[in-house]
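**Q** Here the sequence shown is numbered in our numbering, starting from 256 and rising by one per residue.
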Amino acid sequence: MGQCSSSQHPEAEQQKQQKQAACVDIQKSCRQEQLRKKAAAHMNQPYQASSNDELVLLVSLDSITKIG
256 MGQCSSSQHP EAEQQKQQKQ AACVDIQKSC RQEQLRKKAA AHMNQPYQAS SNDELVLLVS
316 LDSITKIG
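1. By Cβ distance, which residues of its chain are closer than 7 Å to Cys-278, with the 5 residues on each side in sequence left out?
2. Near Gln-269, what residues of its chain come up, given a Cβ to Cβ distance below 7 Å and the 5 sequence neighbours on each side ignored?
3. Within the 8 Å Cβ cut-off, does Glu-266 reach chain D?
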């Protein structure tokens with residue numbers, strides 16, 4: 256009997272929803288940052304494992320595809 260439903264306290268319910276939305280935004284932002292870092296690391300692997308001659312060829316082919 257001493258408890259009130261959330262419909263009787265709209266400010267409290269609104270604050271709760273705002274906090275939940277903020278947490279979701281933070282989690283989404285962190286996940287996107289992790290995906291960017293993972294993608295960037297994946298893109299660097301061929302360059303780190305290649306010799307100088309292979310890198311020149313890769314850069315040349317990349318430039319040709321961008322121009323064409």
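Note that beta-carbon positions come from the ideal geometry of N, C-alpha and C, so glycine has one too.
**A** In short, the structure shows the following:
1. Working through the sequence shown from its first residue, we reach residue 278 at position 23. Cβ neighbours of Cys-278 within its own chain (closer than 7 Å, five residues either side excluded): none.
2. For this step, residue 269 is matched to residue 14 along the sequence shown. Non-local beta-carbon contacts of Gln-269 in its own chain, meaning distances under 7 Å to residues more than five positions away in sequence, are absent.
3. Included in the structure is just one protein chain, with no chain D present.
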